[in-house]
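Everything in the sequence shown is counted per the numbering used here, starting at 32 for the first residue and increasing by one.
Beta carbons are placed, not taken as given, at the ideal position from N, Cα and C, and that holds for glycine.
Keep in mind the model is a prediction, meaning the values are calculated, not measured.
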Amino acid sequence: MLGGSEVKLNCDFLAEKEAFRALADKVIYTGAIDAYFNFRHGELQYRTLRFESQTLDKENYQGNAVVNYTQAEVPYTRIIEHKHFEFGTQHKTVITREYPSEWSKDDEPFYPVNDGKNAALYEKYKELAVNEKGVYFGGRLGSYKYYDMDDTITAALEFTKTV
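See the structure below:
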């Protein structure tokens, strides 16, 4: 898919935005839309996650790659057992618990905060994005929207019809 393309790693797109934009007629930007516009209208809010991994001296912990927990008394939202993604047969297993966490600017933004204040702020950025010629904003950060995997695939396929 990337054959013949130059791949640059460890780059800060926003720090070199104009130089990167000059490389192509079309840019697909999947970073935070408010950061792209240097927070001109203020910062959108996000929720983030904190991860705790553990190696267990057992072959199987939960029998599935991902189990979600929705009970208020359980402090984590899911446990991932990594070996089930690749059909591992190791005698030990590694699990990761995901804990919801307050987001700050230095954290990775995982989920948008869906409330009226952020929806109105996103609309301001969306208006700027429409006028940004040659740049297409996508993904959960570029469109300030949470996507399940099926929604991600649908959005990507629909996007290809517009460019």
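Tell me whether the beta-carbon of residue i lies closer than 8 angstroms to the beta-carbon of residue j.
i, j, result
"Glu83", "Thr127", "yes"
"Ile59", "Leu172", "no"
"Val141", "Tyr67", "A quick correction: the sequence has Phe, not Val, at residue 141. Contact flag unset, no."
"Thr108", "Glu129", "yes"
"Lys123", "Asp88", "yes"
"Ala96", "Glu74", "no"
"Pro131", "Leu80", "yes"
"Tyr153", "Tyr175", "yes"
How far does the alpha helix (DSSP H) with residue i in it reach, from first residue to last?
i, result
"Leu152", "147 to 161"
"Tyr67", "64 to 67"
Would you identify the three-state DSSP class for residue i, choosing helix, strand or coil?
i, result
"Glu112", "strand"
"Arg78", "strand"
"Leu45", "helix"
"Glu37", "coil"
"Glu189", "helix"
Out of the options, which has the shortest C-alpha to C-alpha gap to residue i?
i, options, result
"Lys148", "Glu90, Tyr130, His72, His115", "His72"
"Val194", "Ile184, Asp182, Ser174, Val166", "Val166"
"Lys136", "Lys157, Thr61, Tyr178, Asn69", "Asn69"
"Ile110", "Gln121, Thr120, Thr86, Leu159", "Thr86"
"Gly170", "Leu159, Glu49, Thr185, Val161", "Thr185"
"Gln93", "Phe116, Ala103, Pro106", "Phe116"
"Ala46", "Gln102, Gly62, Ala103, Ser36", "Gly62"
Where do the N-terminal and C-terminal ends of the beta strand (DSSP E) with residue i fall, by residue?
i, result
"Phe118", "Here Phe118 belongs to no beta strand (DSSP E), and DSSP marks it neither H nor E."
"Phe168", "166 to 168"
"Thr127", "124 to 133"
"Tyr177", "Premise fails: Tyr177 is in no beta strand (DSSP E) and is neither H nor E."
"Asn99", "97 to 99"
"Tyr60", "58 to 60"
May I ask you to check if the CB of residue i is nearer than 7 angstroms to at least one heavy atom of the ligand NAP?
i, result
"Ala150", "The ligand content of the structure shown is nil, which means the ligand NAP is not present either."
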